[in-house]
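Q: Sending over a structure as structure tokens; questions will come in a sec.
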Amino acid sequence: MKKIFIIITTCIFLSNCSKLNFFGFGKKKNKFKKYEISEYLWKSSENLLSKYPNVESNLQEGFISTDWIVSAKNPDTRFRITVYILGSSVKHNNIKVFTDKERNVSGTWIRANTSISFNENLQKIIISKAQKLESENY
Numbered sequence: 142m143k144k145i146f147i148i149i150t151t152c153i154f155l156s157n158c159s160k161l162n163f164f165g166f167g168k169k170k171n172k173f174k175k176y177e178i179s180e181y182l183w184k185s186s187e188n189l190l191s192k193y194p195n196v197e198s199n200l201q202e203g204f205i206s207t208d209w210i211v212s213a214k215n216p217d218t219r220f221r222i223t224v225y226i227l228g229s230s231v232k233h234n235n236i237k238v239f240t241d242k243e244r245n246v247s248g249t250w251i252r253a254n255t256s257i258s259f260n261e262n263l264q265k266i267i268i269s270k271a272q273k274l275e276s277e278n279y
């Protein structure tokens, strides 16, 4: 009787291991859920910024950032865009866009103001693309 009890208990434990993710077995968490970051906002942001060189991203910290972007039309002005994903749902308050702008004055880069509407427009574009991605996956 004792052997049967041990065998049944072992079988139940082993079958539940796959559901509870003991010892590395079972269903692994999606990396976006692990860090509580919206997969759709992340992918939309990456897609938008991927056309620029040297894009740095850190999923654990929740940010994507470009290197300095210099336009061929205006080589004396450069921009750097950073996007922070702050939550796991596609909401306006779960994404922040920051833009640094500098102007070259006599060989020295000097910080300049960026327009708030530029950041807001980037944010709207990312949210719109994220909503579209989200609706395609449901």
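Per our numbering, the sequence shown starts with residue 142, numbered consecutively. We put the beta carbon where it would ideally sit given N, CA and C, even for glycine.
Along the chain, where does the beta strand (DSSP E) that runs through ALA253 open and close?
A: 249-253
Q: Quick one: residues in its chain with C-beta nearer than 8 Å to the C-beta of LYS237, no 5 flanking neighbours on either side, listed in chain order?
A: VAL224, TYR225, LEU227, GLN264
Q: Any idea what DSSP makes of ASN171, helix, strand or coil?
A: coil
Q: Bridge partners for SER198 per DSSP, in chain order?
A: ILE205
Q: Quick check on LEU227 - is its C-beta less than 9 Å from some C-beta in chain D?
A: Protein chain content of the structure displayed is limited to a single chain, and chain D is not contained in it.
Q: Between TRP250 and the rest of its own chain, which residues show a CB-CB distance below 8 Å, the 5 nearest in sequence each way excluded?
A: ARG219, GLU243, ARG244
Q: Considering only the alpha carbon of each residue, which of TYR176, ALA271, ASP241 lies closest to ILE257?
A: ASP241
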